[in-house]
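**Student:**
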Amino acid sequence: MGPLDLLLTRRSILPLEGPEPTGAELDALLRAATSAPDHKSLRPWRFVVVRGEGRRRFGEALAAALAEADPRVTPEVAGRQAEKAFRSPMLVAVIAAPRQEAGVPRWEQLASAAAAAQNLTLAAHALGLGAAWRSTSLRDAPLIRDALAMGPHEELLGWIHVGRVPADARPAPRRPVRLSDHVTELTLDGLMGYAGPEGDDADDAAEADPASGR
Ligand SMILES: Cc1cc2nc3c(=O)[nH]c(=O)nc-3n(C[C@H](O)[C@H](O)[C@H](O)COP(=O)(O)O)c2cc1C
Numbered sequence: 027m028g029p030l031d032l033l034l035t036r037r038s039i040l041p042l043e044g045p046e047p048t049g050a051e052l053d054a055l056l057r058a059a060t061s062a063p064d065h066k067s068l069r070p071w072r073f074v075v076v077r078g079e080g081r082r083r084f085g086e087a088l089a090a091a092l093a094e095a096d097p098r099v100t101p102e103v104a105g106r107q108a109e110k111a112f113r114s115p116m117l118v119a120v121i122a123a124p125r126q127e128a129g130v131p132r133w134e135q136l137a138s139a140a141a142a143a144q145n146l147t148l149a150a151h152a153l154g155l156g157a158a159w160r161s162t163s164l165r166d167a168p169l170i171r172d173a174l175a176m177g178p179h180e181e182l183l184g185w186i187h188v189g190r191v192p193a194d195a196r197p198a199p200r201r202p203v204r205l206s207d208h209v210t211e212l213t214l215d216g217l218m219g220y221a222g223p224e225g226d227d228a229d230d231a232a233e234a235d236p237a238s239g240r
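Positions in the sequence shown are counted from 1; adding 26 to them yields the working numbering.
(1) Count the other CB atoms, across all protein chains shown, that sit within 10 Å of the CB of G105; report buried if there are 16 or more and exposed otherwise.
(2) I'd like the list of long-range same chain contacts for V209, defined as Cβ closer than 7 angstroms, with 5 residues on each side in sequence excluded.
(3) Using the Cβ count rule (16 or more neighbours within 10 Å means buried), how would you classify T147?
(4) Shortest alpha-carbon distance to W185 belongs to which of V76, D96, A93, G216?
(5) On the three-state DSSP scale, how would you describe G184?
(6) Pull up the distance between the alpha-carbon of P197 and that of P41, whole angstroms please.
(7) Does the beta-carbon of P47 have 16 or more other beta-carbons within 10 angstroms, so that it is buried, or is it exposed?
(8) List the DSSP bridge partners of A157.
(9) Is the closest heavy atom of ligand 1 to the C-beta of W71 under 6 angstroms?
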């Protein structure tokens with residue numbers, strides 16, 4: 027598969043199976059993540075690998091944070107939250123670690139960390155692994171931050187589940203995007219609609235796709 031096909035065919039897949047990524051695969055995922063665009067090479071990110079029994083620690087933090095946020099949460103609901111960590115053999119938490127003194131705006135550093143996360147999902151796809159980016163509305167909960175040893179300026183951007191794609195997984199084809207809905211062009215006369223090449227397949231397919239809601 028060429029690099030462009032790789033981008034176009036990536037889908038989130040969950041649950042994922044073992045065996046967990048090998049050491050070499052994990053290394054490749056992390057190398058890809060750390061190749062993200064990064065103004066002034068600040069490396070404003072860090073990653074926490076969670077696998078094996080480590081998933082229990084992470085799942086317990088998710089469940090405890092939920093129970094703390096809402097005392098009405100039943101043990102069953104908290105248990106389901108904890109099980110989220112076990113939807114793949116490994117997950118990689120992505121933490122933005124912006125440097126305040128560096129003269130690069132915080133948002134640029136967060137964007138770099140998000141790009142690192144996406145690089146990781148694409149690298150998984152390139153290696154024939156499955157991946158899915160997940161997060162929680164409780165990402166600022168002290169119990170979760172403590173579990174990941176997060177400093178006060180750090181921000182959890184979620185985690186990437188990684189594992190083997192089950193034989194029966196059937197990720198739906200991506201719903202086509204009508205580019206003209208999302209793209210304009212700035213000209214000397216101002217913003218103009220985007221006119222793709224005549225007969226743009228994606229635009230035609232989007233028009234034909236009843237699920238596109240148009
Ligand atoms: C930062 C971030 C957090 C996300 N968190 C969740 C999540 O907690 N639950 C979820 O169902 N999807 C979440 N998503 C969306 C999925 O990762 C995925 O992109 C979406 O289901 C569309 O599937 P696709 O990647 O195959 O296009 C998140 C995406 C991002 C960028």
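Note that beta-carbon positions come from the ideal geometry of N, C-alpha and C, so glycine has one too.
**Tutor:** Reading it off the structure:
(1) Looking at its Cβ environment, which holds fewer than 16 other Cβ atoms inside 10 Å, G105 is exposed.
(2) The beta carbon of V209 sits closer than 7 angstroms to the beta carbons of Y220 from its chain, once the five residues preceding and following it are set aside; these are given in chain order.
(3) Taking all protein chains in view, the Cβ of T147 is crowded by 16 or more other Cβ atoms within 10 Å, so the residue is classified as buried.
(4) Comparing Cα positions, the closest option is V76.
(5) Here G184 sits in strand by DSSP.
(6) For P197 and P41, the distance between alpha carbons rounds to 11 angstroms.
(7) Counting Cβ neighbours within 10 Å, P47 comes out buried, since at least 16 surround it.
(8) Note: A157 sits in a beta bridge opposite V188.
(9) A distance criterion of 6 angstroms places the beta-carbon of W71 beyond contact range of ligand 1, judged by its closest non-hydrogen atom.
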